[in-house]
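Everything in the sequence shown is counted per our numbering, starting at 365 for the first residue and increasing by one. All residues carry an ideal CB built from backbone N, CA and C; glycine is no exception. Notes follow the structure.
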Amino acid sequence: MKIELAEITPHSGAHYNLGALPDRRETGSARPKVMLLFPPNWTPTMPHLALPTLTAYLRQNRVAVIQRDLNVEVFDEILSRRYLNATLSRLRRMKGGRASPERVRWALQAGPRLAKRVAQAKAAIRSRAFYDGPIGLERMRTLLDCLEIASLPFYPAHLHLQGYEAAGPSDNSRFLLHGVRDERHNMFLDIYRRILLPDIVREQPHVVGISIPSMAQMLPGLTVAHLIKESGIDCHVTVGGPHISMLRAQLSDAPALFDLIDSAVVFDGELPLLQLAVAVAAGESLAAIPNLIYRDGSLATDSSDGHDNGSSSSPSPTSSESKVRIRVNARKEPEKIANLPLPDFDGLPLDRYLAPELALPLLTARGCYFGKCAFCNVGYGEPESFSQLRAQQLADQMLALHEKHGVRHIFFADEAVTPRNLRDLSKIMRQRPEELHWGGCVRFEKVISAQLLQEMQAGGCRMILFGLESASAAIIDHMIKGTQLPHMSRILQESAAAGIWNHTFFFFGFPGETIENAQETVNFLYDHKPYIHSAAMGTFLMERDSPAHKYPESFGVKRIIEDPTRDLAIYFDFEVQAGMSEQMAEMVHDRFLESLPPKRFAQFYISDVYRFLYASHLRERHLPHPPWLVPEARAVQ
365 MKIELAEITP
375 HSGAHYNLGA
385 LPDRRETGSA
395 RPKVMLLFPP
405 NWTPTMPHLA
415 LPTLTAYLRQ
425 NRVAVIQRDL
435 NVEVFDEILS
445 RRYLNATLSR
455 LRRMKGGRAS
465 PERVRWALQA
475 GPRLAKRVAQ
485 AKAAIRSRAF
495 YDGPIGLERM
505 RTLLDCLEIA
515 SLPFYPAHLH
525 LQGYEAAGPS
535 DNSRFLLHGV
545 RDERHNMFLD
555 IYRRILLPDI
565 VREQPHVVGI
575 SIPSMAQMLP
585 GLTVAHLIKE
595 SGIDCHVTVG
605 GPHISMLRAQ
615 LSDAPALFDL
625 IDSAVVFDGE
635 LPLLQLAVAV
645 AAGESLAAIP
655 NLIYRDGSLA
665 TDSSDGHDNG
675 SSSSPSPTSS
685 ESKVRIRVNA
695 RKEPEKIANL
705 PLPDFDGLPL
715 DRYLAPELAL
725 PLLTARGCYF
735 GKCAFCNVGY
745 GEPESFSQLR
755 AQQLADQMLA
765 LHEKHGVRHI
775 FFADEAVTPR
785 NLRDLSKIMR
795 QRPEELHWGG
805 CVRFEKVISA
815 QLLQEMQAGG
825 CRMILFGLES
835 ASAAIIDHMI
845 KGTQLPHMSR
855 ILQESAAAGI
865 WNHTFFFFGF
875 PGETIENAQE
885 TVNFLYDHKP
895 YIHSAAMGTF
905 LMERDSPAHK
915 YPESFGVKRI
925 IEDPTRDLAI
935 YFDFEVQAGM
945 SEQMAEMVHD
955 RFLESLPPKR
965 FAQFYISDVY
975 RFLYASHLRE
985 RHLPHPPWLV
995 PEARAVQ
């Protein structure tokens, strides 16, 4: 169904007026308390920005906040001798379950030895021993093996350093509703009951907010919601994040999910979450809170026209509580990043992240200043809004985090840092006595000059992540990338000469791409192999609300295939009018992957944070950056 968002008058400031909030001492009502949770997903190398950003805004407005990074907590719990020994006992009792007998035998044989070594392995990854190639590699292999063992009782579900794979499709609401209570395949149920649920009972938050930036976090995140409801804890459970924003229309068509959650916050969450906390603490209506989707508890009638008090609503005939009304409140104007406080990392276990040095994320901007690429769904189908910090504000934030937490490495989590901020920030940081290192995504813009790149390196830049995407001029134009091959070539060479680590993203299979176009990308990469130090590659994904998804005919897509069983899908199969099929693009990708030279110490390339820290480490020691496509036993020609 299509959701129509009614007009509201947006709030323009960073502070919400809490003057009307009753004082506990006078009225007996409570000051709002919120617990924010980030579910497991990927290697816990640094905090995600979602929780610190929301925490800072809420605390600034007198809301008590407890933030919990379950990603690092769950990894830390699983990678422990106690947990691994318990897993081995479970494997013996269940006689391996559905997992491969060979893998179970290996686990039972190697498991006791690995369990004894896991604490030492974590300690090494959290120290400068990580940079010692043989030691770091051996310790990382220990962690990988331990995660493999920990996942075996829950096969085919699997938690690894690259992410979490559930036992079924996380874009299917029926699977999710079953999976959150599936003791056989859901490894998080037992862990949450021990390390999280007692804390929620003790803290008694008015609102528990669960951030879900990616599909892989749907099951881990909704499992928390299920346990709260199952336990009868009196609190309001809400979810939010980019993945939830992408599913804002689909949530109303999957009303049974609202048996697990009370609401969903879409798009920018600062003001909506603040108003939600205030309303729940005071027992007030949620009808005026922007960006909120919720079940209001009233029965919907078949004669409903779908609109009520500035909200849209829909009957939910499949709900476990007969027909209920799902209300969708109007969207507020996106918040300007300059109006937001410095992200607040207090309360997060900064010493438990699996990285040799602390790195913290920041944003220089919200949105993408280009915002036209056909493969990207920035804005999630709504008109894109872009705002950025001035370079001085950004430098002040970096220095504040350095002073407070001793951090020397800042990773900009932007879509792309603007050339202006690159120039101005570099000038500011060059004049500071503190030595702070930073990196982030940058577009191949004509104005990125050799002089600017040298100034960036002198100002602390250690890694740039470039969106190469394709090196076929025809495909670059077709995907509206807005870059040109001569500048791509020049910038890679000048960036490497300046001493910056160049990381590139590219993929095969954009609609209309031929084998010959793909070969142009491969040729470009090999022609520039001395200047590319790492890369992330894949195949084109037809993502919900991207221009290619919204206007398929304009990009040579014959048909988008929607699977009705995947009612929460954000990726879709498709058929093209010409060029490579999805299957052919996968073959090209796999063939290229098989041709890559092996890395002796692959631990340095597992994540963006590891690459960033490794690049900084090499630069400090005046060591060259190893090229990605060059075999390590042979020098670059």
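For residue i, count the other beta carbons within 10 Å of its own beta carbon; 16 or more makes it buried, fewer makes it exposed. Which is it?
| i | result |
| --- | --- |
| Val629 | buried |
| Lys347 | For the chain, the structure presents residues 365 to 1001; residue 347 sits outside this window and is missing. |
| Leu960 | exposed |
| Ile576 | buried |
| Asn887 | exposed |
| Leu722 | buried |
| Gly647 | exposed |
| Ser683 | For Ser683, the predicted structure reports a pLDDT of 42, less than 50, and the residue's modelled location is therefore unreliable. A value from the coordinates is still provided. Under this definition Ser683 is a buried residue. |
| Ile925 | exposed |
| Gln795 | exposed |
| Ile879 | exposed |
| Tyr915 | exposed |
| Pro850 | exposed |
| Thr929 | exposed |
| Asn703 | exposed |
List the residues that DSSP assigns as beta-bridge partners of residue i.
| i | result |
| --- | --- |
| Asp937 | Ile925 |
| Tyr1077 | Because residue 1077 is not part of the residues shown, which for the chain are 365 to 1001, the question remains open. |
| Leu400 | Gln431 and Gly573 |
| Ala899 | Thr868 |
| Met906 | Phe936 |
| Phe776 | Leu726 and Gly804 |
| Phe830 | Val806 and Thr868 |
| Cys825 | Trp802 |
Rounded to the nearest angstrom, what separates residue i and residue j at their Cα positions?
| i | j | result |
| --- | --- | --- |
| Phe776 | Ile513 | 34 angstroms |
| Phe976 | Arg826 | 7 angstroms |
| Val588 | Gly461 | 25 angstroms |
| Leu472 | Glu441 | 20 angstroms |
| Ile896 | Arg955 | 20 angstroms |
| Ile608 | Asn536 | 14 angstroms |
| His671 | Leu656 | Residue placement at His671 is poorly supported in this model, since its pLDDT is 35, which falls under 50; the coordinates still yield a value, given next. Cα to Cα, His671 sits roughly 15 angstroms from Leu656. |
| Met793 | Met610 | 37 angstroms |
| Pro606 | Ile934 | 11 angstroms |
| Tyr528 | Tyr519 | 12 angstroms |
| Arg388 | Ala641 | Because Arg388 carries a pLDDT of 36, less than 50, the predicted location of this residue cannot be relied on, and no value is offered for it. |
| Ala719 | Phe968 | 11 angstroms |
| Met762 | Ala738 | 33 angstroms |
| Pro995 | Val429 | 50 angstroms |
| Ala651 | Asn693 | 7 angstroms |
| Gln484 | Pro476 | 14 angstroms |
| Arg854 | Leu418 | 40 angstroms |
| Leu508 | Ser515 | 11 angstroms |
| Ser813 | Arg754 | 21 angstroms |
| Leu413 | Asn405 | 14 angstroms |
| Leu786 | Leu727 | 13 angstroms |
So for residue i, helix, strand or coil by DSSP?
| i | result |
| --- | --- |
| Met579 | helix |
| Glu798 | coil |
| Gln848 | coil |
| Glu441 | helix |
| Ala729 | strand |
| Phe870 | strand |
| Glu529 | strand |
| His522 | strand |
| Thr602 | strand |
| Cys1027 | The question about residue 1027 has no answer here: the residues shown for the chain are numbered 365 through 1001. |
| Arg964 | coil |
| Ser751 | strand |
| His953 | helix |
Relative to the C-alpha of residue i, which candidate in the options has its C-alpha closest?
| i | options | result |
| --- | --- | --- |
| Pro569 | Gln431, Lys700, Phe439 and Tyr556 | Gln431 |
| Ala979 | Asp563, Asn866 and Ile608 | Asn866 |
| Arg548 | Met458, Ala862, Pro875 and Val436 | Met458 |
| Leu829 | Phe872, Cys737, Gly804 and Asp598 | Gly804 |
| Phe750 | His769, Glu767, Leu501 and Arg730 | Arg730 |
| Met901 | Tyr915, Pro476 and Phe870 | Phe870 |
| Leu889 | Pro875, Leu993, Leu511 and Tyr974 | Leu993 |
| Gly743 | Leu789, Asp496 and Glu779 | Glu779 |
| Ala764 | Leu706, Val601 and Glu697 | Leu706 |
| Leu637 | Asn449, Lys397 and Gly745 | Lys397 |
| Gly585 | Phe965, Val565, Met948 and Gly543 | Gly543 |
| Gly943 | Lys736, Gly873, Ala822 and Met906 | Gly873 |
| Pro562 | Asp546, Arg538 and Gly596 | Gly596 |
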